[in-house]
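Novice: Heads up, the sequence shown is in numbering that gives the first Met the number 0, so the first residue is 0 and it goes up one at a time.
Quick reminder that beta carbons are idealized off the backbone N, C-alpha and C, glycines included.
It should be emphasised that the depicted structure is a prediction, and the values quoted were computed from it without experimental measurement.
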Amino acid sequence: MPSLFASYLRVYEPLTAFDRDRQSYWRRYVEQGRAVAPVEGPGRQRSSVIEALGAGWTRLPDLPDEAYVLETDETLLVCPWNLRIRVAEAALSARDGVPPVLADAFVPPVLAGQAKAVVEDWRSGARVLEHGVPRVHEQIATWGVPLRWFVLFEPDERHHVTAPDRRALRFRTEISKARRRSSRALAVLRKSVGEAPITEAVEEAARWLEEFHPRSVVELDYGGLVELLSDETLAEDDSPELVAAGLAGLSRGEAEEASTAYDKLVARWRAVQLLERCN
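1) When the Cα atoms are used, what is the spatial distance from valine 127 to aspartate 230?
2) My guess is that tyrosine 7 and aspartate 236 are in contact by the Cβ rule of under 8 Å, so how many angstroms apart are they, rounded?
3) Using DSSP's beta-bridge definition, name the partner residues of valine 217.
4) Using a 10 Å radius around the Cβ and a threshold of 16 neighbouring Cβ atoms, would you call glutamine 272 buried or exposed?
5) Figure out for me which residue from Glu202, Arg276, Leu188 has the closest Cα to the Cα of glycine 252.
6) Does the beta-carbon distance from alanine 260 to leucine 241 come in below 9 Å?
7) Distance, Cα to Cα, alanine 16 vs histidine 212?
8) In the DSSP assignment, find the alpha helix (DSSP H) that holds threonine 198 and state where it starts and stops.
9) Can you grab the Cα-Cα spacing for the pair tryptophan 80 / tyrosine 28, in whole Å?
10) Whole angstroms is fine: what's the gap from glutamine 138's alpha carbon to tryptophan 148's?
11) Going by DSSP, which residues form a beta bridge with threonine 141?
12) From this set, Trp268, Leu246, Val117, which residue's C-alpha is nearest leucine 227's C-alpha?
13) Three or more C-beta pairs closer than 8 Å, one from the stretch 153-164 and one from the stretch 192-201: is that the case here?
14) Leucine 128 by DSSP, collapsed to three states: which one?
15) Glutamate 73: buried (16+ other C-beta within 10 angstroms of its C-beta) or exposed?
16) Please name the residue or residues paired with tyrosine 67 in a DSSP beta bridge.
17) Put glutamine 272 into one of helix, strand or coil per three-state DSSP.
18) Tell me which residue opens and which closes the alpha helix (DSSP H) that valine 29 is part of.
19) Secondary structure at alanine 167, three-state DSSP: helix, strand or coil?
20) Considering just the uninterrupted stretch of the alpha helix (DSSP H) at alanine 34, what are its terminal residues?
21) The alpha helix (DSSP H) with threonine 232 in it runs from where to where?
22) Run the CB neighbour count on arginine 83, radius 10 Å, all protein chains shown included, and call it buried at 16 or more, exposed below.
23) Is arginine 157 helix, strand or coil by DSSP?
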């Protein structure tokens with residue numbers, strides 16, 4: 000399965016965040032050695048969805064309950080894939096802003112109706128009453144990393160691997176730290192630029208983090224993007240530092256310093272995004 004040129008923001012929750020049935024399920028899942036490594040997960044997810052949907056795209060399939068897992072000395076943390084709800088949301092998004100004839104060709108009305116029912120059940124009603132706030136544990140961005148994600152991390156939380164058989168770059172932190180950083184960033188942005196798109200984006204990320212258990216772990220994984228970047232580029236990547244420098248400049252009222260950091264960051268990731276158009 001070829002690499003997916005995407006990055007991932009994940010939240011791993013401790014077992015205590017789940018109801019009793021889910022706790023038992025995830026314990027068995029780990030004991031049976033079924034947990035999937037992040038490097039293999041995107042390809043596995045894609046093949047599972049394609050195989051389950053089939054060529055007709057006329058139904059919303061049942062999909063396996065899979066997860067990424069972190070095991071520490073103290074606890075077991077789980078990042079469920081939530082594939083069924085993600086497929087349902089993707090089906091509905093594919094119809095947005097598209098003429099009905101084309102929308103029905105891409106996502107048949109029967110499938111769209113099933114997807115809407117799944118999303119509505121997920122977000123409200125019995126599911127919330129029985130299982131608490133619905134949570135999607137993984138966000139995905141293709142051909143780049145959203146700048147708001149870098150707000151959540153600091154340089155010393157970086158893990159870089161350039162082994163011959165595996166290249167990876169990720170950041171990982173406690174959710175309490177990620178929440179504090181997003182809160183500080185939001186305060187700076189509201190004061191300096193007001194309700195701008197970047198402010199709304201950081202606020203959205205902050206709200207998402209509030210849905211999870213306070214002992215969760217947050218991870219930014221460059222995923223398949225590492226295949227687009229050289230070892231030297233990965234080693235020198237200082238995106239979190241640039242975000243921090245930009246925010247510090249804004250907090251001091253030094254607009255030029257903030258603009259310099261922002262422009263450098265945007266130029267770096269625009270170069271990656273432009274690779275999507277390469278043949």
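Specialist: Here's the rundown:
1) Confidence in valine 127 is poor, its pLDDT being 47 and thus under 50, which makes the residue's placement unreliable; the coordinate value appears in the next sentence. Valine 127 and aspartate 230: Cα-Cα distance of roughly 45 Å.
2) Incorrect: roughly 16 Å between the Cβ atoms, too far for contact.
3) Val10, Thr172
4) exposed
5) Leu188
6) yes
7) 6 Å
8) 196-208
9) 13 Å
10) 10 Å
11) Ala5
12) Trp268
13) no
14) Since pLDDT at leucine 128 reaches only 42, below the 50 mark, its modelled position is unreliable, and the value read off the structure follows with that caveat. Leucine 128: helix per DSSP, three-state reduction.
15) exposed
16) Cys78
17) helix
18) 19-30
19) strand
20) Per DSSP, alanine 34 belongs to no alpha helix (DSSP H) and is neither H nor E.
21) 230-235
22) buried
23) strand
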